[in-house]
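Numbering (our numbering), first residue to last: 68 to 348.
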Ligand code: PAF
């Protein structure tokens, strides 16, 4: 296990093509799908585990975010990961550190509007991780769709040698998108949360039957989600997948994303229509 920048630099010096999977731990099958892809496409997959304080708002779940380092390290070893980078907060944010990335327009709507400062925290920590790990390819899940676009935009501008690859959402059998935060759900909430993917899949079916109107696609999602009183939607967005600008007119590609509260837990999910996540750059 690598804890510090110098240890990681020494490890990096001996590896040709590095595939990087940044995580906050509490690993699940979604993370492991990124690891598998990194194993297939590069010489050495490296996973970071770091619960990044700067991407949590003051009233968010930083202190209660699930932490299970020993279990995660055993999972990574069993998955054949070459190295795990598990830094401390002081290693990532040493005294006097002033690095901060402003992610720009792509970060303004949706999650950026709901969670002020969140994407500056994400972009900053990912930039720091990129500079420490110096990967050739980095893998991010589609579940955090706007995060993927924020990082692809940042990498294009600042780290053009690093390829940022988006990987499809991994879902539970009943459709719920895998997330470390699903662990917060009580059994009744877990059952209620199924409505989120059901709503998105209803819109996706409408799309495959030819529906392209953004308002009607949004209505398909909302009609389904509203049937579940235990779920309080925050937004349902139908946007262009490259810019995340809301669609006003029918288009040949779209991302429908939503955020909702299920009890005290805030969940997000999305479906990408008319293109594959691996085509995003
Ligand atoms: O998606 C996550 O787990 C985090 O936002 C990331 C990319 C590891 C940055 O802390």
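Yeah, the Cβ is synthetic: ideal placement off N, Cα and C, and Gly gets one too.
| Query | Result |
| --- | --- |
| By DSSP, does residue 336 sit in helix, in strand, or in coil? | strand |
| Can you tell me which of the three DSSP states residue 353 falls into? | This structure leaves residue 353 out entirely; the chain is present only between 68 and 348. |
| Going along the chain, which unbroken runs of the alpha helix (DSSP H) with 4 or more residues stay wholly within the segment 260 to 314? | 261 to 275, 281 to 292 |
| Taking Cβ to Cβ, would you say residue 233 is nearer than 8 Å to residue 209? | yes |
| Beta-carbon within less than 7 Å of residue 217's beta-carbon, same chain only, minus the 5 sequence neighbours each way: which residues are those? | 170, 173, 174, 186, 189, 190 |
| For the ligand PAF, which residues count as neighbours when the test is a C-beta closer than 6 Å to any heavy atom? | 89, 90, 91, 119, 122, 189, 192, 193, 211, 214 |
| If you reduce the DSSP assignment to three classes, tell me which class residue 190 lands in. | helix |
| Label residue 283 either buried or exposed according to how many other C-beta atoms from any shown protein chain fall within 10 Å of its C-beta, with 16 as the threshold for buried. | exposed |
| I think residue 79 touches residue 88, with their Cβ atoms under 8 Å apart; what is that distance to the nearest whole Å? | That pair is no contact at about 15 Å. |
| Shorter than 8 Å from the beta carbon of residue 220 to some beta carbon of chain D? | Among the protein chains of the structure shown there is no chain D, as only one such chain exists. |
| Give the single residue among 105, 112, 139 whose Cα lies nearest to the Cα of residue 118. | 139 |
| Looking at the secondary structure, which residues open and close the beta strand (DSSP E) in which residue 130 lies? | Premise fails: residue 130 is in no beta strand (DSSP E) and is neither H nor E. |
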